[in-house]
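The structure appears right after this line, and notes come after that.
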Amino acid sequence: MKKIFTLTIVILTCINNYAQIMRATIGVGSQSNRIKIYLKSDMSQSPSTISTLQFNIGIKTSSVTTVPTMTMVSSTFPAVTWTIGAAINEQGYWNYNIYNGATLTPTFTAGVEFEAMELQFSNGAPNLGDVALVTLPDGGATAPNYSLFFCNGTVKSDGLSNLYYSNPSSGVVVDNKFSYDQTSTTNPGTSISSATISSIILPVKFLSFTAAKKDNSAILNWQIEDESALTDHYEVERSLTGTGFESA
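For the record, in the sequence shown the residue sitting at position 30 is 586 according to this note's numbering, with numbers rising by one throughout.
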């Protein structure tokens, strides 16, 4: 009976430890040149202890001609100094590493999303559809500030295939792959994981739409339901043939 009881404790402890996972996602910010990072824990902790919390924002190199500057607008952890590393050109992305300068002790409620920080782009803001949370295999090759989402403490990130979570209402598309193994140095990651702000979610519900003739053209004005920073990027095209389109 003692052996069975001991084994039960070990199993429960393993299950409990496995469940202590922190995941991240991305969303649009309060302005069209801003994004937000969110976190969600699989377990309630009050407080937790996180020694390392690192994010990586990736912008597709093919989508920008000038490397944007990224700065922090706000953070849920005001007492902690955050560092944003210089942009690293690696594996098709401009990678911006963000990491903490002190231990974090936040309180989590299992399954409840909370905002971690808001970031802003300047010097040529990218299209938000080309911005993502990105984890390169084993963080990539540029040390010491590797390009990855990494959490270590009483909650941990799972680089095996569970780093990011989807947020359909915000149009976030997740691609979780085997990016790293936090428990082993002999099991190298093989693939990029990402959480990307997708293009505008369709269908669009119009609240109003007007067209005023001007010479041989038309001036269009419209308002849609649930407007956000993403709606700044709508483009309307028209066609007289059904195959060839031009901007309206």
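Virtual Cβ for every residue (Gly too), placed ideally from N, Cα, C.
*For the stretch 662-687, list the beta strand (DSSP E) runs that are entirely contained and at least 3 residues long, ordered along the chain.*
670-678
*Which residues in the same chain have their Cβ closer than 6 Å to the Cβ of G695, if we skip the five residues on either side of it in sequence?*
Y702, S703 and L704
*Please name the residue, chosen from F670, G648 and S602, that lies closest to S631 on a Cα-to-Cα basis.*
F670
*asked:* Using 8 Å as the threshold, is the C-beta distance between D737 and G715 below it?
replied: yes
*Roughly how many angstroms lie between the CA atoms of S740 and W778, to the nearest whole one?*
54 Å
*Counting Cβ pairs closer than 8 Å, one from the stretch 584-599 and one from the stretch 641-651, do we hit at least three?*
no
_Within a Cβ cutoff of 7 Å, which residues of the same chain sit near N732, ignoring the five residues on either side of it in sequence?_
S717, N718, L719, Y720 and S749
_With a threshold of 8 Å between beta-carbons, can Y720 be considered close to chain C, or not?_
Among the chains of the structure shown, chain C does not appear; only one protein chain is present.
_Ordered list of beta strand (DSSP E) runs contained in the stretch 701-745, each at least 3 residues_ = 706-709 and 728-731
*Is the CB-CB distance between G583 and V711 below 8 Å?*
no
*Could you check the C-alpha separation between C707 and T621 for me, to the nearest Å?*
32 Å
*K770 classed as buried or exposed, judged by whether at least 16 other C-beta atoms fall within 10 angstroms*: exposed
*Any chance you could list the alpha helix (DSSP H) runs of at least 4 consecutive residues sitting entirely within the stretch 570-651, in chain order?*
none
*Neighbourhood of V629 by C-beta distance below 7 Å, restricted to the same chain and skipping five residues each side*: R590, E674, L675 and Q676
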